[in-house]
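Asks:
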Amino acid sequence: MPQATAASPWYKHLWPWIIIGILACSVTLTLSMVTIAVNNPDNLVNDNYYEAGKGINRSLDRERLAQTLQLRAKLHLDELTGEVELNLTGYSNPNTLELNLISPTQPEKDRKINLTRSDSEPGRYIGQVTDKVEGRRFVELLGVEGDKTWRLFEEEEVSHDKDLLLGDEPLQGAEDLKK
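The sequence shown begins at 1 in the UniProt record's numbering and counts up by one.
#1: Using 8 Å as the threshold, is the C-beta distance between G127 and V84 below it?
#2: Would you decide whether G90 is buried or exposed? Buried here means 16 or more other CB atoms lie within 10 Å of its CB.
#3: DSSP has I113 in a bridge; who is on the other side?
#4: With contact counted as at least three CB pairs below 8 Å, one residue from each stretch, are the stretch 63-72 and the stretch 93-112 in contact?
#5: Taking the alpha carbon of K132 as the point to measure from, which residue in T5, L86, T81 has its own alpha carbon closest?
#6: Could you please give the first and the last residue of the uninterrupted beta strand (DSSP E) stretch that includes L88?
#7: Would you say S103 and K112 are within 8 Å of each other, going by their C-beta atoms?
#8: By alpha-carbon positions, which one of I22, T105, S92, T5 ends up nearest to D42?
#9: Count the other CB atoms within 10 Å of the CB of S92; is the residue buried (16 or more) or exposed (fewer)?
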């Protein structure tokens, strides 16, 4: 009669260890992804879509006012001194302007710069930025004419060696509003 061979214990076989290894890797990666998601929440989502949609008309009103006033701006950022120089042409000359450099994906890189009008040169505004600003940005320039606020808004590639021109592109979304 043939002798029956004794089966070796499970832990001496290769395949159970491969399956356990795959499961252990899955659990480890899942826990690390959950940790990353909890520590770095996505803060780009606007919960109030209806109000944000209604705000588009107000925004276009401000841009239309800037277009009516024939406003154009040339913006220069000095990397060494942090000085922001803006030359504004058109039919508005407020005492102060607000310049917002908005990062499309990283809110912590957004910068708000208050610009004051130069006493010596009309249309020249000076401000200060504390750190280096480079890369793709939404550039928003806000000013007041009478009791209304105007706005120049464009997407630009910001760099220290290139001047930015605002108001040179046609108003986006205004084609439907001319009717």
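The beta carbon of each residue, even a glycine, is placed where N, CA and C say it ideally should be.
Replies: The answer reads as follows:
#1: Numbered from 1 along the sequence shown, position 127 holds the residue referred to as residue 127. Numbered from 1 along the sequence shown, position 84 holds the residue referred to as residue 84. Yes. Within cutoff.
#2: On the sequence shown, residue 90 is found 90 positions in, with the first residue counted as 1. Classification of G90: buried, given that the 10 Å Cβ count is 16 or more.
#3: Against the sequence shown, residue 113 aligns to sequence position 113. Its beta-bridge partners are L99.
#4: Contact between the stretch 63-72 and the stretch 93-112 is absent, because fewer than three Cβ pairs lie under 8 Å.
#5: Taking the first residue of the sequence shown as 1, we reach residue 132 at position 132. Selected option, being the one with the closest Cα: T81.
#6: The sequence position of residue 88 within the sequence shown is 88, counting from 1. Residues 83-89.
#7: The count along the sequence shown starts at 1 and reaches residue 103 at position 103. The count along the sequence shown starts at 1 and reaches residue 112 at position 112. Contact: no.
#8: Taking the sequence shown and counting its residues from 1, one reaches residue 42 at position 42. Of I22, T105, S92, T5, the residue nearest in Cα terms is T105.
#9: Sequence index remark: in the sequence shown, residue 92 carries index 92 (1-based). With 16 or more Cβ atoms within 10 Å of its Cβ, S92 is classed as buried.
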